[in-house]
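Here is the structure we will look at, set down as structure tokens.
Residue numbers (the numbering used here): 8 to 174.
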């Protein structure tokens, strides 16, 4: 397993990591044109699961109260995601499901939480200590078999994981 990580305060790498049991190729670490109050970006790799190529993205968008910056960041990310047929896009989007800045992602992919949609009438499973959903696993041409959120002792965000079907 070879990791790809971004260290804090490294342009475009805000404490992010992608770990894979399968080899990873085409790794990129991209800084958003405007990171807001801190450098922010996304990283991406390509891996193969059960003979199928998957592009995996990890991001951390600008913090709360920087909606306009997140709009631009999400547009940059969505433009790159749209280039790939089968993708997993995960990370801290610092936005609730109904936030306008998430519209580009919702137009491309579904969240692994089957009850979470931009116009959801039911509750999305919260992912933070303050009972909001900011963390997503967006899936494009991939099906979530299950999704779970578990408390974390090490972060103000909970652990989000999903079992996926790539068929």
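Note that beta-carbon positions come from the ideal geometry of N, C-alpha and C, so glycine has one too.
Three-way DSSP call (helix, strand, coil) for residue i in this model
i	result
residue 140	coil
residue 51	strand
residue 110	helix
residue 115	helix
residue 168	strand
CA-to-CA distance, residue j to residue i, given in whole angstroms
i	j	result
residue 5	residue 56	Outside the shown range of the chain (8 to 174) lies residue 5, about which nothing can therefore be said.
residue 163	residue 135	6 angstroms
residue 174	residue 149	7 angstroms
residue 113	residue 42	21 angstroms
residue 24	residue 97	11 angstroms
residue 171	residue 51	18 angstroms
residue 140	residue 72	15 angstroms
residue 82	residue 58	30 angstroms
Neighbourhood of residue i by C-beta, 7 angstroms cutoff - its chain only, sequence neighbours within 5 removed
i	result
residue 8	Note that residue 8 scores a pLDDT of 47, beneath 50, so its modelled location is shaky; the value from the coordinates is reported in the next line. Answer for residue 8: 26, 27, 28, listed in chain order.
Residue interval of the alpha helix (DSSP H) (run including residue i)
i	result
residue 79	74–88
Beta carbon of residue i nearer than 8 angstroms to that of residue j
i	j	result
residue 116	residue 108	no
Residue i, enclosing beta strand (DSSP E) - first and last residue
i	result
residue 23	Looking at the DSSP string, residue 23 is not in any beta strand (DSSP E), and its letter there is neither H nor E.
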